[in-house]
Each structure stands twice: as C-alpha cells, then as structure tokens.
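Each remark here refers to the structure printed beneath this line.
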Amino acid sequence: MKKLLFKMIRQMCQSGVLGFYYPSEFSIRTCLNWRLFKHERSTIDYLKDLLRPGDVFVDIGAHIGYFAYYVGKLVGHNGRVFAFEPYPDNFKLLLKNCSKLPQVKAIQSAVSDSSGKTQLFIHTTSSSSHSLSDISRSNKSCLVPKVSLDEWGIKNNINRIDAVLIDVEGYELAVLRGMHNIINKNPGICIIIEYCPSNWTKCNGDINMLIEEIYNKIQFKIICALGQKRKYILSKLTSVQNISSILDEILDNEVREEQKDYINIVINKV
Numbered sequence: 003m004k005k006l007l008f009k010m011i012r013q014m015c016q017s018g019v020l021g022f023y024y025p026s027e028f029s030i031r032t033c034l035n036w037r038l039f040k041h042e043r044s045t046i047d048y049l050k051d052l053l054r055p056g057d058v059f060v061d062i063g064a065h066i067g068y069f070a071y072y073v074g075k076l077v078g079h080n081g082r083v084f085a086f087e088p089y090p091d092n093f094k095l096l097l098k099n100c101s102k103l104p105q106v107k108a109i110q111s112a113v114s115d116s117s118g119k120t121q122l123f124i125h126t127t128s129s130s131s132h133s134l135s136d137i138s139r140s141n142k143s144c145l146v147p148k149v150s151l152d153e154w155g156i157k158n159n160i161n162r163i164d165a166v167l168i169d170v171e172g173y174e175l176a177v178l179r180g181m182h183n184i185i186n187k188n189p190g191i192c193i194i195i196e197y198c199p200s201n202w203t204k205c206n207g208d209i210n211m212l213i214e215e216i217y218n219k220i221q222f223k224i225i226c227a228l229g230q231k232r233k234y235i236l237s238k239l240t241s242v243q244n245i246s247s248i249l250d251e252i253l254d255n256e257v258r259e260e261q262k263d264y265i266n267i268v269i270n271k272v
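All the letters of the sequence shown, read from the start, carry residue numbers 3 to 272 under this note's numbering.
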C-alpha cells in the first residue's frame, strides 16, 4: 500500500501538479527540491544577484528548463532567455515548463564549436547527462543539430548577452571555442561553466585544457566556484596548476558534504 501511495505521489509530482514537469526518473524529493529551487542553490543565488530585468541570458544544456525558468522570472518581459537543449524528450518538458514565459525561447540544438549535425549519446540513468560522448557506455544515440554560439548570434542578430550558463557534460571547451566573437562583443559577459573532471576523463580529455582556454585564449579569470550550497571565492588564483589543485580541493569537499562530483565555476574579464 505504501509503495502504491509513493508511486501515485511521484506520478503527480512529475505530471505538472507542482507547476513544473519532471523526467520519469526523478524521485519525489528531487521534484520538490527542484520546484523550491534548492538544487544547485548557490548558482541560483548567484544568478539572482547577477541578473536584472531586461538582461539577456543563454542557457546551454538547458535540460527541462530549471535555470531557464528561474532566470526568465528574473529578467522579466523586457529580458530574454535563450535555452538550448538537443534531446527531444527533455526539449518537450522545457517547452512545457517555460510555456507561460514568452521571454524564454527554447532552441532544440546542441552547442559546439561548429554547426551541422552530431550524435548525442543517451545516458542510461540520468536525463540531465546526455552527452556528445558516450560517458555512460550506453551505445545508444540520436542525431541532433548543433550550432556554434557565434554563428547562431550572427544568424539571429543577437549581439548583447549578459550571462551564459554552460552544462554540456564534458564539452564545455568546444562551446567556449565557438563563442569567441560573442565574448569579444560583450566584454562584461559573465560565464558559468560546469566543472566536472570525471566527465572529461570519460570524454578522453584533460580538464586543464578548459582552464588554459579560460586564462590563455579568452583571457578570463575564475572568480569563484559554486557548490551545491556554498560559494568559494577564487579571485587570488594565478597559475593553471594552482587553480587545478584548489578546484580539486573544493570538489573533494563537495563530494564529502553533498555527494556531488561537480561544481560550477564563474568566469569573467577581470
């Protein structure tokens, strides 16, 4: 009887009764945490302090619209949110969740350093972890469109962008490389990037390449790291090696306290 009751409550939570639609794998607790915006709370708080009505925000790897919805409320009807999500099932939920926010435009595409088509690998257990690399070894994929942010900006006459959130499961470097023109046009842009070394390892990459891109190519600095609940100030870091070791310490702390193996790093031109 108890199992049946929990199943019914879970289905209700996922059906939009809370004002939001969730993937089938979400537990009741996860649905409630997301609806109350407790998930990645430090990033939510950072965005709340950062953005103002009328601002322009780009959400790359928007999943079901958790951040797009929240930021849509922050920037209001005079602002704009562009939410990129390539996976069809996630995109349907993204459309549902942001349907009452005309300032949020959902775009069914992956973002990379070039435009065209690509294989999106489907994660075996997590709808938020589909990737351009088969990180869960599922051997399942679907063909999706991809675009560089620079090409998309030119095509759609988007010149002003105030903030970007990048969560693409190990392909953050390609996204950055495809938005150099956007960065040059917006010297005050703030970029928030998921930092998850385990995803980079699964993609056969070295996450230090991301740090080198930030410091040496686009000449930004990491000003802070955002855990699940805590904000870590990193403004005094100078060398790539120093940054990497400090971020590893922060990750270890997040694993101990929150059982999460990723953080979000905030970068801008300093």
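Note that the Cβ used here is the ideal one computed from N, Cα and C, for glycine as well.
Using a Cβ-Cβ cutoff of less than 7 angstroms, which residues in the same chain neighbour residue i once the five nearest sequence positions on both sides are dropped?
| i | result |
| --- | --- |
| residue 41 | 35 and 68 |
| residue 149 | 111, 113 and 117 |
| residue 122 | 88, 89, 112, 132, 134, 143, 144 and 146 |
| residue 175 | 211, 212 and 215 |
For residue i and residue j, what's the separation of their Cα atoms in angstroms?
| i | j | result |
| --- | --- | --- |
| residue 220 | residue 116 | 18 angstroms |
| residue 33 | residue 99 | 13 angstroms |
| residue 173 | residue 266 | 14 angstroms |
| residue 222 | residue 254 | 25 angstroms |
| residue 71 | residue 13 | 21 angstroms |
| residue 157 | residue 25 | 32 angstroms |
| residue 228 | residue 44 | 6 angstroms |
| residue 46 | residue 231 | 10 angstroms |
| residue 140 | residue 164 | 36 angstroms |
| residue 258 | residue 159 | 45 angstroms |
| residue 250 | residue 64 | 26 angstroms |
| residue 17 | residue 31 | 15 angstroms |
| residue 261 | residue 197 | 15 angstroms |
| residue 256 | residue 29 | 22 angstroms |
| residue 263 | residue 247 | 15 angstroms |
| residue 170 | residue 62 | 7 angstroms |
| residue 51 | residue 179 | 27 angstroms |
| residue 27 | residue 85 | 22 angstroms |
Would you call residue i buried or exposed, if buried means 16 or more other Cβ atoms sit within 10 Å of its Cβ?
| i | result |
| --- | --- |
| residue 188 | buried |
| residue 10 | exposed |
| residue 127 | exposed |
| residue 19 | exposed |
| residue 38 | exposed |
| residue 218 | exposed |
| residue 201 | buried |
| residue 74 | buried |
| residue 190 | exposed |
| residue 272 | exposed |
On the DSSP bridge assignment, give the partners of residue i in chain order.
| i | result |
| --- | --- |
| residue 145 | 121 |
| residue 43 | Paired residues: none, contrary to the question. |
| residue 167 | 61 and 194 |
| residue 108 | 85 |
| residue 266 | 196 and 228 |
| residue 185 | In DSSP, residue 185 forms no bridge with anything. |
I think residue i touches residue j, with their Cβ atoms under 8 angstroms apart; what is that distance to the nearest whole Å?
| i | j | result |
| --- | --- | --- |
| residue 177 | residue 151 | 7 angstroms |
| residue 96 | residue 108 | 5 angstroms |
| residue 56 | residue 92 | Incorrect: roughly 28 angstroms between the Cβ atoms, too far for contact. |
Ignore the nearest five residues each way along the sequence and tell me which others in residue i's own chain have a CB closer than 6 angstroms to its CB.
| i | result |
| --- | --- |
| residue 82 | 58 and 105 |
| residue 195 | 168, 174 and 267 |
| residue 235 | 226 |
| residue 22 | 37 and 99 |
Are any of the Cβ atoms in chain D nearer than 9 angstroms to that of residue i?
| i | result |
| --- | --- |
| residue 173 | Here chain D cannot be found, since the structure has a single protein chain. |
For residue i, collect the residues of the same chain with a Cβ closer than 8 angstroms to its Cβ; drop the 5 residues on either side in sequence, then sort them by chain order.
| i | result |
| --- | --- |
| residue 77 | 53, 54, 55, 56, 57, 58, 59, 83 and 105 |
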